[in-house]
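Read top to bottom, the protein sequences are chains A and B. Under our numbering, residue 357 is the last one in the first sequence; the count climbs by one each step, no gaps. Under our numbering, residue 714 is the last one in the second sequence; the count climbs by one each step, no gaps. Note sheet for the following structure.
2 protein chains.
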Amino acid sequence: MKRKITLKQIARELDVSISTVSKALSNSKEISEDTTQKIQAFAKLYNYKPNNIALSLKNRKTKTIGILIPEIVHHFFSTVIRGIELVANRRGYNVIVGLSNESFTKEIINMEMLANGSIDGFILSISKETLLKQDYHHFNATINQGMPIVMFDRVVNEVDCDKVIVDDFNGSVKAVKKLIENNCKNIALITTMDYVSVGRLRTQGYIEALESHKIIANPNLILKIDDSLDVENHLEDLELEIEQFFKTNGNIDGVFAVNELYAVTAMKVARKLGLSIPDNIQVIGFTDGVLSKHATPSLTTVSQHGQKIGEQAANLLIDRLVAADTEDDQYFTNDERKSDFIKVVIETEIIERESTK
Amino acid sequence: MKRKITLKQIARELDVSISTVSKALSNSKEISEDTTQKIQAFAKLYNYKPNNIALSLKNRKTKTIGILIPEIVHHFFSTVIRGIELVANRRGYNVIVGLSNESFTKEIINMEMLANGSIDGFILSISKETLLKQDYHHFNATINQGMPIVMFDRVVNEVDCDKVIVDDFNGSVKAVKKLIENNCKNIALITTMDYVSVGRLRTQGYIEALESHKIIANPNLILKIDDSLDVENHLEDLELEIEQFFKTNGNIDGVFAVNELYAVTAMKVARKLGLSIPDNIQVIGFTDGVLSKHATPSLTTVSQHGQKIGEQAANLLIDRLVAADTEDDQYFTNDERKSDFIKVVIETEIIERESTK
DNA sequence: TTTCAACACGAAAACGTTTTCGCTAAGAAT
DNA sequence: ATTCTTAGCGAAAACGTTTTCGTGTTGAAA
């Protein structure tokens, strides 16, 4: 039950001043070898470690990164966190996690909780509700207060900051081209509503791939699922919707789905309808998660490299933090900075498994 | 690029003292209505928010909980985090996350990084390597420094602290009993090596269920998988091992697996061997994750209620924190405290799906 | 003997709060 | 006219650091 020991206590115990203790512990040559030895021994004995909070206050930086994501029980997001934590730790930072739960208000509350000194910068992915409202003032507000933000995956042009995104467009193009080259003639797209930029880009990629092969996209082959409600708990609805979709379009021989849940559900429905995979119908999903890997047949996917995204984001943020630390007094107007912001695009990769030929 | 405004700046701007500003903002009646109004208006205009770090230093508490888990890309653990974050947020706390990556050293490093003032208490689950080494001094050390710990899932008797665990034993009993009642005559167990207590308990539950039905456990029907190496990247090995197991025990008509990966792999192998599920062979897995839900056939599982575990753990920890805050100067010896520690057992629940009759 | 550098250390400020205590002035009570 | 309240505010300490700037002592150089 003994509290952690402080400089002051060591000083009192050894009958020297606080400054002396501090200097001795940092091996300052101002202090004689004798006292240094004595102090260091004592400190080691009592397992002295400087108090982080005091350091944060003094240095006006916390060595902590705030992560703000919509959801944590989610393969992609947790992979990104792992990447962030990896480089953060390596570079001496901690990570503090906030969940917006896809809610605009929770996003704001979380940001305000953290922006008051608790962290040095944010890495975040925007909540669906925020994307719907298109209200980004809280991001710009915290940036204006001198706190850097790095956005990933769900980003938005209205905010000037570093961004790390998946090449959704080209990922889709690659996937759909693969289906075309595998001789699929009627390729369906199962996607979400458009307000999440990510979904929109993937849809565009689908169309682009078709057009590059002189195929005009058939609107009937595009199924837009309303994911505003909790899909995980309405699995049957999803299944029914896809089944209906398959039935009214009997000639589908290829499916590109914008996430793995839609993809495996499509496979399930296909099999139920007596289609065999990949012989009668081939399936590719975006997002390479556990489902894809362990489904039967295993699913060919477009991998997003979540961990790499996290690593990049963390490096970007920390780079900016140390830069701000060194330039320090130099003054930039916002306009000068603007051009500085980096948008890193992480290339996707097709992981071939059993659901394609 | 304007830094956040401080009390001092407000004071200077309004030509009053810092104390006056502080009091006015907390509506102290020491300050006249006039000045209070003036100060509050000014503060609101400049969006003043007290600096958390300064508060932490002054109050000697950070209102932050440290979470230390072996892995984050993992359905169970991320579910627990969600539960922790939920109640933490509701009760005014933040969460800071550290990953041990199943490594003893990283666990220690992370603890030391956080234990120096950054957090008020820990919620953690022990890494495999630590369990192997059975070296728990770092836990006891931080507890002795006055920092409370709540352990969940992977806990250990050698450390005196609050614990939240899954009823692994009874969960297994329930599962295996269900298989027995479903007329399985030769029930196999697919489990891990024993050093993770969780695995051991589940094995014991399996045996207990059999014995309660006067069946003597057949050692040949128990497959222990060495998960010390990264299973996710050696899927084929796992598959082969299980296939071999099935072949040498041709009469298996029920499988209980201690995690969902083993369970779905078992289903895969079973189907490959021409067995139909659940007619020829029924399968139940521990851990209710995405795989179970979306496998075909979907998997009957023992749900651990990860979110509930997280919520309980957070409540336990925060309760103890506020208690420590109020009792404050009262002094307890470790022995007196010992009896105080709570072990909460979260009951499991069988979620019936298609892999059982 | 005087001067000077080097050495070894301490005092104090600063980071941003909250809170206790003290002080002044004005009005009330004596 | 003197004392007492009370309202309204400021000074200062404290939380635990680091760092700058003294300051006193010592031995050597002059």
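Think of the CB as a built atom: it goes at the ideal place given N, C-alpha and C, for glycine as much as any other residue.
Assuming contact is defined by CB atoms lying nearer than 8 Å, are residue i and residue j in contact in what I supplied?
{"i": "Gln661 (chain B)", "j": "Leu536 (chain B)", "result": "no"}
{"i": "Leu382 (chain B)", "j": "Gln397 (chain B)", "result": "yes"}
{"i": "Arg154 (chain A)", "j": "Ile126 (chain A)", "result": "yes"}
{"i": "Asp584 (chain B)", "j": "Met550 (chain B)", "result": "yes"}
{"i": "Ile641 (chain B)", "j": "Thr657 (chain B)", "result": "yes"}
{"i": "Leu221 (chain A)", "j": "Leu189 (chain A)", "result": "yes"}
{"i": "Leu674 (chain B)", "j": "Ile426 (chain B)", "result": "no"}
{"i": "Val95 (chain A)", "j": "Ala88 (chain A)", "result": "yes"}
{"i": "Thr419 (chain B)", "j": "Ile67 (chain A)", "result": "no"}
{"i": "Glu211 (chain A)", "j": "Val173 (chain A)", "result": "no"}
{"i": "Val647 (chain B)", "j": "Leu291 (chain A)", "result": "yes"}
{"i": "Ala670 (chain B)", "j": "Val555 (chain B)", "result": "no"}
{"i": "Thr548 (chain B)", "j": "Val615 (chain B)", "result": "yes"}
{"i": "Gly474 (chain B)", "j": "Asn51 (chain A)", "result": "yes"}
{"i": "Arg557 (chain B)", "j": "Phe643 (chain B)", "result": "no"}
Figure out for me which residue from the options has the closest Cα to the Cα of residue i.
{"i": "Tyr552 (chain B)", "options": "B:Lys520, B:Val512, B:Leu489 and B:Asn575", "result": "B:Leu489"}
{"i": "Thr64 (chain A)", "options": "B:Gly455, B:Val626, B:Arg447 and B:Pro427", "result": "B:Gly455"}
{"i": "Ala400 (chain B)", "options": "B:Ile388, B:Glu370, B:Leu425 and B:Arg417", "result": "B:Glu370"}
{"i": "Asn47 (chain A)", "options": "A:Thr356, A:Val302, A:Thr35 and A:Arg3", "result": "A:Arg3"}
{"i": "Glu354 (chain A)", "options": "A:Asp279, A:Ile10 and A:Phe246", "result": "A:Asp279"}
{"i": "Leu443 (chain B)", "options": "A:Ser100, A:His75 and A:His74", "result": "A:Ser100"}
{"i": "Asn467 (chain B)", "options": "A:Gly199, A:Asn182, A:Tyr93 and A:Ile342", "result": "A:Tyr93"}
{"i": "Asn608 (chain B)", "options": "B:Lys463, B:Thr499, B:Asn575 and B:Ile362", "result": "B:Asn575"}
{"i": "Thr393 (chain B)", "options": "B:Ile367, B:Asn539, B:Gly503 and B:Leu412", "result": "B:Ile367"}
{"i": "Lys185 (chain A)", "options": "A:Ile215, A:Gly205 and A:Lys343", "result": "A:Ile215"}
{"i": "Asn233 (chain A)", "options": "A:Asn59, A:Lys247, A:Leu55 and A:Leu261", "result": "A:Leu261"}
Flag residue i as yes when its Cβ comes closer than 7 Å to any non-hydrogen atom of the ligand NAP, and as no otherwise.
{"i": "Gln661 (chain B)", "result": "Ligands displayed in this structure: none; no statement on the ligand NAP is therefore possible."}
Quick one: is residue i near chain A, going by C-beta distance under 8 Å?
{"i": "Asp692 (chain B)", "result": "Confidence at Asp692 (chain B) is low in this model, with a pLDDT of 48, below 50, so its placement is unreliable and the value that follows should be read with caution. Cβ-Cβ to chain A under 8 Å: no for Asp692 (chain B)."}
{"i": "Glu711 (chain B)", "result": "no"}
{"i": "Glu442 (chain B)", "result": "yes"}
{"i": "Gln502 (chain B)", "result": "yes"}
{"i": "Arg447 (chain B)", "result": "no"}
{"i": "Leu678 (chain B)", "result": "no"}
{"i": "Leu471 (chain B)", "result": "yes"}
{"i": "Arg369 (chain B)", "result": "no"}
{"i": "Ile483 (chain B)", "result": "no"}
{"i": "Ile523 (chain B)", "result": "Note on residue identity: the sequence assigns Val, not Ile, to residue 523 (chain B). No, Val523 (chain B) does not count as interfacial toward chain A."}
{"i": "Asp685 (chain B)", "result": "Note that Asp685 (chain B) scores 49 on pLDDT, short of 50, meaning its location in the model is unreliable and no value can be drawn from it."}
Classify residue i: buried if its beta carbon has 16 or more other beta carbons within 10 angstroms, exposed otherwise.
{"i": "Asp715 (chain B)", "result": "Residue 715 (chain B) is absent from the model: chain B starts at 358 and stops at 714."}
{"i": "Glu706 (chain B)", "result": "exposed"}
{"i": "Gly310 (chain A)", "result": "buried"}
{"i": "Val679 (chain B)", "result": "exposed"}
{"i": "Gly631 (chain B)", "result": "exposed"}
{"i": "Pro148 (chain A)", "result": "buried"}
{"i": "Ser78 (chain A)", "result": "buried"}
{"i": "Lys365 (chain B)", "result": "exposed"}
{"i": "Glu129 (chain A)", "result": "buried"}
{"i": "Gly146 (chain A)", "result": "exposed"}
{"i": "Asp372 (chain B)", "result": "exposed"}
{"i": "Leu114 (chain A)", "result": "buried"}
{"i": "Asp288 (chain A)", "result": "buried"}
{"i": "Asn672 (chain B)", "result": "buried"}
Just confirm the distance between the C-beta atoms of residue i and residue j, as a whole number of angstroms; I'd bet it's less than 8 Å.
{"i": "Ala295 (chain A)", "j": "Val264 (chain A)", "result": "5 Å"}
{"i": "Gly83 (chain A)", "j": "Lys293 (chain A)", "result": "Between Lys293 (chain A) and Gly83 (chain A) the Cβ distance is about 19 Å, and since that is not below 8 Å, they are no contact."}
{"i": "Phe526 (chain B)", "j": "Asp492 (chain B)", "result": "So it is not a contact: roughly 26 Å between Cβ atoms."}
{"i": "Gly254 (chain A)", "j": "Ile351 (chain A)", "result": "Not confirmed; about 17 Å, so no contact."}
{"i": "Val345 (chain A)", "j": "Asp167 (chain A)", "result": "5 Å"}
{"i": "Leu580 (chain B)", "j": "Phe613 (chain B)", "result": "With 8 Å as the limit, Leu580 (chain B) and Phe613 (chain B) do not qualify as a contact, their Cβ atoms being about 11 Å apart."}
{"i": "Glu428 (chain B)", "j": "Glu464 (chain B)", "result": "Wrong, their Cβ atoms sit about 12 Å apart, outside the cutoff."}
{"i": "Lys49 (chain A)", "j": "Glu600 (chain B)", "result": "Lys49 (chain A) to Glu600 (chain B), Cβ: 52 Å. No contact."}
Please report whether the beta-carbon of residue i lies at a distance below 8 Å from any beta-carbon of chain B.
{"i": "Val97 (chain A)", "result": "yes"}
{"i": "Asn29 (chain A)", "result": "One point to set straight first is that residue 29 (chain A) is Lys, not Asn, in the sequence displayed. Closer than 8 Å: no."}
{"i": "Leu45 (chain A)", "result": "no"}
{"i": "Leu57 (chain A)", "result": "yes"}
{"i": "Lys4 (chain A)", "result": "yes"}
{"i": "Ser292 (chain A)", "result": "no"}
{"i": "His137 (chain A)", "result": "no"}
{"i": "Val21 (chain A)", "result": "no"}
{"i": "Ser118 (chain A)", "result": "yes"}
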